[in-house]
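Q:
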Amino acid sequence: MNEPIADPAETPAAKSLRQGPFRRKFTAVRLAPESAERQSRVALLAWNTLGGEQAMAFLNAHDDALGGRPLDLAVASADGCEAVERAIAARAAAR
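Per our numbering: the sequence shown ends with 168, consecutive numbering throughout.
1) In terms of DSSP beta bridges, what is D136 paired with?
2) Alpha carbon to alpha carbon, how far is F131 from A119? Give it in angstroms, no decimals.
3) Excluding five sequence neighbours on each side, which residues of the same chain lie with their C-beta closer than 7 Å to the C-beta of E158?
4) Below 7 Å between beta carbons: does that hold for A167 and T122?
5) Cα separation between D152 and G124?
6) R159 lies in the alpha helix (DSSP H); which residues open and close that run?
7) Which of the three DSSP states is assigned to R114 in this structure?
8) Report all residues from its chain with a CB closer than 6 Å to the CB of A138; omit the five preceding and five following residues, and keep chain order.
9) Going straight from the alpha carbon of A101 to that of A109, what length do you get?
10) Cutting at 8 Å between CB atoms, please list the residues of its own chain near D136, excluding the five before and the five after it.
Written as structure tokens, this is what we have:
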């Protein structure tokens, strides 16, 4: 019962993810450069137009008029990005 508590970072599975002494393998799916650019563009537009909290709320919540989560739509296609940009402009005009 006096066994030391194992450090989760020292398990064999965790050790196998390391590439060097301090690096772990990147396992998440990376966005295509075009998708990342659209994500950045709408995030900055929303932040500068709506303000921080309203931008985060708008981009991360389902929007019925757009038919999905604005950030997901912007990342998915150029048409989705344009629709999100128009929705941000409409929200700004309504303020």
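From the three backbone atoms N, C-alpha and C, an ideal C-beta is built for every residue, glycine too.
A: The structure says:
1) Locating residue 136 in the sequence shown gives position 63, where the first residue counts as 1. Looking at the DSSP output, D136 sits in a beta bridge with G141.
2) The count along the sequence shown starts at 1 and reaches residue 119 at position 46. The count along the sequence shown starts at 1 and reaches residue 131 at position 58. The alpha-carbon of A119 is positioned some 8 Å away from that of F131.
3) For this step, residue 158 is matched to residue 85 along the sequence shown. Excluding residues within five positions, the ones whose Cβ falls inside 7 Å are V115, L118.
4) Here residue 167 refers to the residue found at position 94 of the sequence shown. Here residue 122 refers to the residue found at position 49 of the sequence shown. Not in contact: A167 and T122 (Cβ atoms no closer than 7 Å).
5) The residue labelled residue 152 in the question sits at position 79 within the sequence shown. The residue labelled residue 124 in the question sits at position 51 within the sequence shown. C-alpha of D152 to C-alpha of G124: approximately 24 Å in a straight line.
6) Taking the sequence shown and counting its residues from 1, one reaches residue 159 at position 86. In the DSSP annotation of this structure, the continuous segment of the alpha helix (DSSP H) that includes R159 starts and ends at 151 to 167.
7) Translated into positions along the sequence shown, residue 114 becomes position 41. Here R114 sits in helix by DSSP.
8) Position 65 of the sequence shown, counting from 1, holds the residue named residue 138. None.
9) Your numbering for residue 101 matches position 28 in the sequence shown. Your numbering for residue 109 matches position 36 in the sequence shown. For A101 and A109, the distance between alpha carbons rounds to 14 Å.
10) The residue you call residue 136 lines up with position 63 of the sequence shown. Excluding residues within five positions, the ones whose Cβ falls inside 8 Å are R142, P143, A160.
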